[in-house]
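The structure appears below as structure tokens.
Protein chains: 4
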Amino acid sequence: MPTVPTAAPTPTPHPDPTRRYAFFGPVGTFSEAALRTVVPVGTAPADPYPSVDATIAAVRAGRADVGVVPIENSVEGGVSATLDGLAAGDPLLVVGEVVIPVTFVLAARPGTTLADVGVVSTHSHGYAQVRRWLAQHLPGARYVPSLSTASAAAGLAQAAADGTGAGYDAAVCAPVAAERFGLQVLAEDIGDNRGAVTRFVLLARPAGDDGRVVLPAPTGADRTSLVAFLRTDHPGALVEVLEQFVTRGVNLSRIESRPTGDALGRYCFSIDCEGHVAEARVGEALMGLHRVCEQVRFLGSYPRADGRPALPGSGPDEDAFAAAEGWLRRVRAGRAG
Amino acid sequence: MPTVPTAAPTPTPHPDPTRRYAFFGPVGTFSEAALRTVVPVGTAPADPYPSVDATIAAVRAGRADVGVVPIENSVEGGVSATLDGLAAGDPLLVVGEVVIPVTFVLAARPGTTLADVGVVSTHSHGYAQVRRWLAQHLPGARYVPSLSTASAAAGLAQAAADGTGAGYDAAVCAPVAAERFGLQVLAEDIGDNRGAVTRFVLLARPAGDDGRVVLPAPTGADRTSLVAFLRTDHPGALVEVLEQFVTRGVNLSRIESRPTGDALGRYCFSIDCEGHVAEARVGEALMGLHRVCEQVRFLGSYPRADGRPALPGSGPDEDAFAAAEGWLRRVRAGRAG
Amino acid sequence: MPTVPTAAPTPTPHPDPTRRYAFFGPVGTFSEAALRTVVPVGTAPADPYPSVDATIAAVRAGRADVGVVPIENSVEGGVSATLDGLAAGDPLLVVGEVVIPVTFVLAARPGTTLADVGVVSTHSHGYAQVRRWLAQHLPGARYVPSLSTASAAAGLAQAAADGTGAGYDAAVCAPVAAERFGLQVLAEDIGDNRGAVTRFVLLARPAGDDGRVVLPAPTGADRTSLVAFLRTDHPGALVEVLEQFVTRGVNLSRIESRPTGDALGRYCFSIDCEGHVAEARVGEALMGLHRVCEQVRFLGSYPRADGRPALPGSGPDEDAFAAAEGWLRRVRAGRAG
Amino acid sequence: MPTVPTAAPTPTPHPDPTRRYAFFGPVGTFSEAALRTVVPVGTAPADPYPSVDATIAAVRAGRADVGVVPIENSVEGGVSATLDGLAAGDPLLVVGEVVIPVTFVLAARPGTTLADVGVVSTHSHGYAQVRRWLAQHLPGARYVPSLSTASAAAGLAQAAADGTGAGYDAAVCAPVAAERFGLQVLAEDIGDNRGAVTRFVLLARPAGDDGRVVLPAPTGADRTSLVAFLRTDHPGALVEVLEQFVTRGVNLSRIESRPTGDALGRYCFSIDCEGHVAEARVGEALMGLHRVCEQVRFLGSYPRADGRPALPGSGPDEDAFAAAEGWLRRVRAGRAG
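Encoded structure:
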């Protein structure tokens with residue numbers, strides 16, 4: 001096992017049978033689908049947890065080595081439970097990401113027809129993504145929220161097994177969930193936004209004194225995530241934070257405000273930028289943030305799922321950073337600059 | 001009735017018996033509590049709607065003149081349904097705001113004790129605000145989501161009336177909901193964040209050709225809301241938008257990113273700033289936004305609930321704007337500047 | 001009439017026989033050459049003044065209607081006497097500009113050869129532009145400063161007429177000065193920077209109550225000049241000033257710091273920007289400056305000598321400004337924005 | 001030894017009898033006065049040179065080890081010859097600064113009275129600082145430029161010795177020049193701006209392979225000088241340069257534009273900032289400049305003449321820089337940040 005973390009083999013997407021995985025379950029969730037792109041069934045132990053919070057807690061407590069939770073949906077935006085779970089509590093690192101398309105089906109117990117559906121259940125994020133379809137095809141249907149899209153499907157199957165009612169007639173869920181729970185698909189691909197995707201992150205505990213390698217090595221196509229707590233909330237404060245990136249030519253790929261919970265109008269900012277903390281430009285931008293912010297929580301540098309390198313021409317490159325360092329060494333020695 | 005909108009009497013908080021109100025219901029929600037600070041029971045017709053979407057749609061369709069929905073919670077952040085509902089669809093104006101403290105109780109059918117509670121239901125936002133209390137006092141309890149905090153309470157009452165089970169034993173709701181639905185309070189003030197507040201907005205259709213006065217007159221302590229769609233998503237674009245405010249000395253009180261739904265990493269920004277669109281500094285900042293953004297949706301200028309005027313010394317005041325205008329007129333006439 | 005490549009015949013102001021012109025003389029200076037591109041000999045009265053200060057004072061006192069002085073040289077930079085003369089004292093307006101190439105000759109009394117030249121005289125700005133030539137061709141020559149390049153030539157002629165010595169053997173001056181004063185050209189085109197040009201401005205008193213039209217009308221290819229006195233001298237103050245232009249998409253074509261004379265490190269900024277004060281973007285930028293600066297002195301909007309319009313794509317155009325104004329009117333009326 | 005209020009005795013460089021000094025002469029100039037605050041008469045060899053250019057050239061060529069030239073006057077601004085001489089040619093380092101008050105006298109051959117003075121000579125910078133006095137007390141006097149204030153005094157003495165005329169009747173010069181050249185003071189303290197001061201710099205060749213120590217050690221109250229050549233001349237480019245300082249909390253004490261000599265509107269910027277290149281914040285700001293500029297010429301870090309430390313609270317301090325570096329090391333090792 002190498003001792004230089006930044007030269008370590010990237011833990012994603014090689015499944016590791018010695019590691020135990022946790023995911024936001026039950027089986028059949030999109031989180032499991034994301035996990036399975038990295039850890040095929042049977043290659044390593046993987047346990048479902050009933051919520052994002054529980055999944056994160058399992059990693060923190062050491063009951064799992066890696067956890068998989070959704071962080072961002074192209075339609076619904078950031079997943080608050082994940083963003084807030086990472087922003088507070090014991091530190092965790094994002095060690096990888098998976099982006100998967102989100103396709104919904106309407107599933108019901110075999111024998112049900114569309115005309116039979118008076119009540120529909122799914123997770124509120126899923127519901128938000130099929131509202132137009134439901135309004136058009138099931139205008140009279142009532143909505144009942146569930147803990148996850150898969151749990152809505154599981155509830156139907158469980159009720160069938162128990163010979164009781166589930167309180168609803170159909171579930172909006174992933175195709176795989178309908179399959180797992182033996183449901184019949186009444187309608188396919190019912191999402192209002194074709195092309196909707198969700199990004200999931202793989203979480204691990206940061207390195208301690210045990211020599212574990214956690215931080216993925218730079219690949220040239222990386223993303224860095226962090227949370228910035230502003231010192232004050234005037235608009236200039238946010239500009240000051242953004243200038244730390246602009247000045248070093250580092251592009252942001254996501255910025256989301258999150259309330260700190262103290263009062264209305266008190267925010268922290270959840271930020272993804274291009275590049276890896278091992279790169280000079282990213283390192284310097286992060287040091288700049290550290291100096292102007294009340295607190296910065298580093299959440300990890302990891303390979304981008306799309307493998308896209310940082311945009312060329314968006315600022316000084318690593319060579320320019322190296323040249324500037326050499327120049328500074330010379331002038332600090334009193335030589336001609 | 002005056003024809004100059006900006007000189008009109010502020011519609012908030014005077015109830016108007018000729019107006020019909022809509023709120024995110026059922027009765028007993030925090031939205032109704034917010035509405036009642038403006039429109040006491042019996043002073044004007046007020047109808048509950050089962051969701052934020054339905055409430056907004058009722059105002060758009062003319063079934064109500066004013067709608068009341070939550071927009072921001074000090075713990076959970078922006079209310080996506082409201083932010084997204086205002087950002088797209090037919091334009092609506094915010095004509096007032098109400099901020100109310102959020103206090104939760106655990107309520108159950110009379111005769112229930114805390115030891116009897118195995119399943120708890122509430123809205124997911126409410127659940128997020130009492131998680132710590134539940135983990136401490138009902139560590140084994142399961143959570144079932146509901147459409148609103150009040151509907152969880154209503155469900156208990158309805159099941160009792162029907163002589164059936166509700167699928168859960170207790171509801172987390174507002175004190176007023178427990179009272180309305182004849183429930184017994186098992187525990188009071190169970191929110192994890194004492195001092196949590198939620199801000200609600202009053203929505204109305206914008207003025208048309210009918211002479212209606214919609215925009216509240218400036219009071220000296222106003223807030224302006226808008227949605228800015230950036231032309232491109234590089235960090236410089238957001239800085240460019242923020243500079244429009246900074247340059248004119250206009251403070252922001254809220255900025256939240258929201259996905260546009262097109263793709264990961266495509267955002268619009270929901271922004272509140274200090275001041276009224278009728279003021280020179282705000283008007284000029286908004287024109288600047290209009291020029292650099294792909295689109296700006298003006299959501300209204302209205303009195304702040306806290307009555308706090310714009311921070312002094314945060315930039316040039318209206319006198320400085322007036323002086324600059326007078327100076328420009330002189331130099332454009334070829335006189336000494 | 002000189003051939004002036006970078007200066008298309010400036011249309012403003014048309015030579016006006018009822019106007020009296022002043023120029024930094026004596027005859028034979030580059031200032032006179034600049035004047036003659038606008039006011040050919042014999043078309044209107046034109047008087048030489050012995051210094052930039054005296055020329056400016058003549059316009060201020062009404063002894064002349066228009067004065068011509070150099071403001072900027074491509075090699076030596078801003079002409080302090082002009083910049084400082086415009087920044088303080090009774091206001092004047094720049095009503096036109098002329099750019100002419102600067103070509104130097106070495107001139108002496110007829111019969112003199114290069115080998116005879118032991119002492120050379122010229123204005124210090126002229127000297128700075130021929131130093132390399134002198135070091136190469138007259139390495140032993142001593143330098144004696146003069147009040148203007150033309151006065152060095154005039155001194156030689158006067159001494160010849162008086163039958164005395166001038167204190168120097170040759171003058172560095174414009175070709176026209178050698179011709180006017182009957183001198184022999186020992187060497188042509190001796191400037192170190194081929195392509196050196198000097199920009200001259202035409203100054204007039206601003207409009208008063210007399211109905212005079214002073215400010216040139218916009219031509220689509222204009223320049224605006226001003227002096228900005230910063231409120232404080234921290235770097236953020238200069239950034240704040242520059243942001244007023246950047247925010248409105250107005251390009252600067254010149255910025256020069258000048259001491260205010262109070263103390264080391266106290267500066268004002270002499271600025272030229274693209275466009276005309278009558279344009280919305282320039283007007284708004286100037287109002288912004290007026291608000292954030294201790295003082296702004298408007299020095300005029302006038303046609304560019306090179307006829308080049310503002311760079312396309314450098315910011316919102318006039319249409320975008322007009323669209324933003326229309327939009328603001330609508331939203332201020334409470335209509336959908 | 002003159003009393004120099006704003007210039008505490010500069011400790012750098014200690015007069016060193018093994019070093020040879022050059023100054024902008026002749027004897028009696030303000031440059032010599034500046035030199036004498038560091039190198040009293042008789043302590044080390046010091047040679048006058050007839051111009052700033054010649055003084056700089058003497059240091060470059062090794063004919064002197066340290067040169068003293070004026071760089072900035074509180075009334076007239078930057079000294080172009082010095083700024084341009086440092087910006088181009090073989091690199092030199094500023095190793096110290098001296099600030100001295102500028103006091104002018106009107107001096108003439110003994111026996112002359114004020115009424116006898118028809119022609120006055122001095123350097124053009126000196127003339128600019130006594131114009132108001134001359135206009136008031138010698139309204140009819142003509143002005144003849146000289147190479148330095150001291151050379152005007154020297155010319156009078158020389159002409160007296162030669163029994164000839166100097167071409168002028170009185171010189172505007174430093175009190176010490178009148179004394180040196182045996183002139184009579186007709187009027188004292190005739191400068192228009194009481195409190196005018198001039199800042200002089202001590203120049204040396206940068207370190208080579210010879211082990212010489214050139215860069216002064218940090219004292220906690222230092223200044224750093226440099227020249228920045230912008231990549232492009234749009235206003236955003238200057239903002240980008242200034243942001244490099246603002247982002248690191250480094251204050252500027254002087255910024256002056258200078259033409260590069262290529263064309264009108266092409267500038268480089270001569271900049272002084274607070275602090276020493278050995279400090280983290282200054283080093284990082286300079287690296288940032290190096291990356292965004294076409295070229296940066298480092299001109300030295302040296303103790304401020306006024307001994308004033310960098311303004312407190314103007315940005316992150318050295319501790320904050322050190323803390324950020326430690327934090328970056330930890331997160332780069334994959335530990336909790």
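In order, the protein sequence lines correspond to chains V, Y, D and X.
For the first sequence, the positions run 1 to 337 when UniProt numbering is used.
For the second sequence, the positions run 1 to 337 when UniProt numbering is used.
For the third sequence, the positions run 1 to 337 when UniProt numbering is used.
For the fourth sequence, the positions run 1 to 337 when UniProt numbering is used.
The C-beta atom is built at its ideal place from N, Cα and C for all residues, glycine as well.
From a predicted model like this one, the values you see are computed outputs, not experimental measurements.
In the three-state DSSP reduction, T247 (chain Y) falls in the helix class (H, G or I). The alpha helix (DSSP H) runs lying completely inside the segment 260 to 296 of chain Y and spanning 4 residues or more are 280 to 292, given in chain order. Contacts between G77 (chain Y) and chain V, judged by CB atoms closer than 7 Å, involve S80, R258, P259 in chain order. Following the DSSP letters along the chain, one finds E32 (chain Y) in no beta strand (DSSP E) but inside the alpha helix (DSSP H) bounded by residues 30 to 38.
Interface annotation, A263 (chain Y): in contact with chain V, CB-CB separation under 8 Å. The Cβ neighbour count for P70 (chain Y), taken over all protein chains shown within 10 Å, is at least 16; the residue is labelled buried.
Taking all protein chains in view, the Cβ of E294 (chain X) is surrounded by fewer than 16 other Cβ atoms within 10 Å, so the residue is classified as exposed.
A direct Cα-to-Cα measurement between W133 (chain V) and V105 (chain V) gives close to 11 Å. With a threshold of 16 other beta carbon atoms within 10 Å, V41 (chain Y) falls short and is exposed. Of all residues in the segment 36 to 50 of chain Y, none places a beta-carbon less than 7 Å from a beta-carbon of chain V.
For the beta strand (DSSP E) assignment, the uninterrupted runs of no fewer than 3 residues enclosed by the segment 116 to 142 of chain Y are, from N- to C-terminal side, 119 to 122. In the three-state reduction of the DSSP assignment, V59 (chain V) falls in the helix class.
The DSSP assignment places 170 to 173, 184 to 187, 197 to 204 as complete runs of the beta strand (DSSP E) inside the segment 158 to 212 of chain V, in order along the chain (cut-off: 3 residues). A54 (chain V) sits in a helix when the DSSP states are folded into three classes. R304 (chain Y) sits in coil when the DSSP states are folded into three classes, being neither helix nor strand.
In the DSSP assignment, F23 (chain D) is bridged to D:P48, D:V68. The beta-bridge partner set that DSSP reports for S225 (chain Y) consists of Y:D272, Y:G300. Apart from the 5 residues on each side of it in sequence, D116 (chain V) sits with its Cβ closer than 7 Å to the Cβ of D169 in its chain, given in chain order. Judged by DSSP secondary structure, G96 (chain X) falls outside any alpha helix (DSSP H) and instead within the beta strand (DSSP E) spanning 93 to 101. Per the coordinates, the alpha-carbon of V144 (chain V) lies some 15 Å from the alpha-carbon of D53 (chain Y). Excluding sequence positions up to five before and after A187 (chain V), its CB lies within less than 6 Å of the CB of L106, all in the same chain and listed in chain order. Membership of L106 (chain Y) in the beta strand (DSSP E) is indicated by the continuous run 105 to 108. By the Cβ neighbour-count rule, D222 (chain V) is buried, with 16 or more other Cβ atoms within 10 Å of its own. G85 (chain V) is bridged by DSSP to nothing; it lacks a bridge partner. When beta bridges are read from the DSSP output, R329 (chain X) appears opposite no residue.
E72 (chain D) places its beta carbon less than 8 Å from that of L264 (chain X). When rounded, the separation of the alpha-carbon atoms in V214 (chain X) and A336 (chain X) is 43 Å. By the neighbour-count criterion, in which a residue is buried when 16 or more other Cβ atoms sit within 10 angstroms of its Cβ, D272 (chain V) is buried. One finds S124, P145 in chain V with Cβ atoms closer than 8 Å to the Cβ of S124 (chain Y), taken in chain order.
For S253 (chain X), the secondary structure class from DSSP, reduced to helix, strand or coil, is strand. With respect to the 8 Å criterion, A34 (chain X) and D47 (chain X) are not classified as neighbours on the basis of their beta carbons. Here A152 (chain Y) is buried: its Cβ has 16 or more other Cβ atoms, across all protein chains shown, within 10 Å. Within the segment 239 to 252 of chain Y, those residues whose Cβ lies closer than 9 Å to any Cβ of chain V are, in chain order, V239, L242, E243, F245, V246, V250, N251, L252.
Per DSSP, the beta bridge partners of G78 (chain Y) are Y:E72. Rounded to whole angstroms, A160 (chain Y) and A58 (chain Y) show a C-alpha spacing of 31 Å. Proximity of the segment 85 to 104 of chain D to the segment 194 to 201 of chain D meets the contact definition, three or more beta-carbon pairs being nearer than 8 Å.
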